[in-house]
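One structure is given below, encoded as structure tokens.
2 protein chains.
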Amino acid sequence: MSTRRETVRQALTGSTGFRSAQDLYADLRAEGSKIGLTTVYRALQALSETGEVDVLRTNEGEAVYRACDTEQHHHHLVCRVCSTAVEIEGPAVEAWATEVGTRYGFTGVTHTVEVFGTCASCASR
Amino acid sequence: MSTRRETVRQALTGSTGFRSAQDLYADLRAEGSKIGLTTVYRALQALSETGEVDVLRTNEGEAVYRACDTEQHHHHLVCRVCSTAVEIEGPAVEAWATEVGTRYGFTGVTHTVEVFGTCASCASR
DNA sequence: GGGAAAATGAAAACGATTGTCAAAACGCGT
DNA sequence: ACGCGTTTTGACAATCGTTTTCATTTTCCC
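Note that the protein sequences, when read in sequence, are chains A and B.
Counting from 1, position 47 in the first sequence corresponds to residue 41 in my numbering; the numbering is continuous, with no gaps.
Counting from 1, position 49 in the second sequence corresponds to residue 43 in my numbering; the numbering is continuous, with no gaps.
Given below as structure tokens:
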């Protein structure tokens, strides 16, 4: 829709890992854009609602976003140094989650999985 | 050590699911305690550092705590209505996480897994 | 071009959490 | 019980990410 939302999407797509709203705002301002922080937040919220970007929370409670290759259900392997993320799948995990949920009588079972580590290039430094 | 910390621990242990710092503060004040909010935060921070309680973030970014039966690595099956939590294990998930991590050259691989659903008693209402 | 509707951004509001600092509680040797 | 140094506590202010407000600007459609 809007130009601004597209700007934010591209800023995200051009980045390697998860970025916070504040990060993206700083990036865009640094490259000369006159975008406002509010608009960045709104764009990210809209993009996450349509499933175009993934959201997760850091341990500090900050929301971080990433434009994903696929809109299908998947998880991330994230480098805890440079925050580069690899999209991964885990059929075994999917099955396990629903199985353990129903075993305890839970319905509408969903799950979140995040895998963290230090990527090869960061480890070699 | 301190009496206050013990008070907070017991408040947590006496609860069924995950509670936020603010929840616990409200609970304690409601039952007549003169504890301060700052102290509740400090107690929870100390308890989480020793591994006596588990911490996770809600999608809204609020930190929630739970006194767990075991201090070993485990995950939770949480009711999204009443937030009651069941401690679960998933050897398959543990193996999968480290396997996928090392496959991509990541070291020091850790992971977070949370399973959500609606528990039987909440679903029947 | 004109006007309603949507988008924008600066600033204020908000809510969770943390920092500050003086008062209160505690430990402990006497 | 009595100081006295140390730790803990809690009211309050400060911080930080995020959301809301609202007036202005832009977009869209006729």
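Note that beta-carbon positions come from the ideal geometry of N, C-alpha and C, so glycine has one too.
Since the structure is predicted, the reported quantities are computational estimates derived from the model, not experimental observations.
For residue i, collect the residues of the same chain with a Cβ closer than 7 angstroms to its Cβ; drop the 5 residues on either side in sequence, then sort them by chain order.
| i | result |
| --- | --- |
| A40/A | R(-1) |
| T78/B | T10, G11, C113 |
| V87/B | V107 |
| L18/A | V2, A5, L6, V34 |
Who are the near neighbours of residue i in its chain, counting only those whose CB is closer than 6 angstroms to its CB and skipping five residues on each side?
| i | result |
| --- | --- |
| T104/B | none |
| G45/A | E65 |
| L71/A | V80, I82, V109 |
| T92/A | V103 |
Where residue i and residue j are concerned, what is the direct C-alpha to C-alpha distance, given to the nearest angstrom?
| i | j | result |
| --- | --- | --- |
| V58/B | G11/B | 9 angstroms |
| H67/B | T33/A | 41 angstroms |
| G26/B | A24/A | 53 angstroms |
| L22/B | S9/B | 12 angstroms |
| Q4/A | A20/A | 14 angstroms |
| V75/B | K28/A | 42 angstroms |
| A117/B | C116/A | 46 angstroms |
| Q16/A | T101/A | 37 angstroms |
| A61/B | E43/B | 13 angstroms |
| V47/B | R36/B | 13 angstroms |
| R97/A | W90/B | 21 angstroms |
| C73/B | C73/A | 30 angstroms |
Are the Cβ atoms of residue i and residue j separated by less than 9 angstroms?
| i | j | result |
| --- | --- | --- |
| V109/A | G95/B | yes |
| G99/B | A114/A | yes |
| L38/B | V49/B | yes |
| V119/B | N53/A | First, the residue type needs correcting, since residue 119/B is Arg and not Val in the sequence shown. Result no, Cβ atoms of R119/B and N53/A do not sit closer than 9 angstroms. |
Here's the rule I'm using: 16 or more other beta-carbon atoms within 10 Å means buried, otherwise exposed. How should residue i be labelled?
| i | result |
| --- | --- |
| M(-5)/B | Residue placement at M(-5)/B is poorly supported in this model, since its pLDDT is 49, which falls under 50; the coordinates still yield a value, given next. Burial call: exposed. |
| G55/A | exposed |
| R13/A | buried |
| D63/A | exposed |
| T112/A | buried |
| T(-3)/A | exposed |
| H69/B | buried |
I need the boundaries of the alpha helix (DSSP H) containing residue i, first residue and last residue.
| i | result |
| --- | --- |
| G95/B | 85 to 97 |
| R(-2)/A | -3 to 7 |
| D21/B | 15 to 24 |
| C116/A | 114 to 117 |
Provide the residue span of the beta strand (DSSP E) that contains residue i, from first to last.
| i | result |
| --- | --- |
| C73/A | 69 to 73 |
| T32/A | Unbroken run through T32/A is the alpha helix (DSSP H), 31 to 43; no beta strand (DSSP E). |
| D48/A | 47 to 51 |
| E81/A | 79 to 82 |
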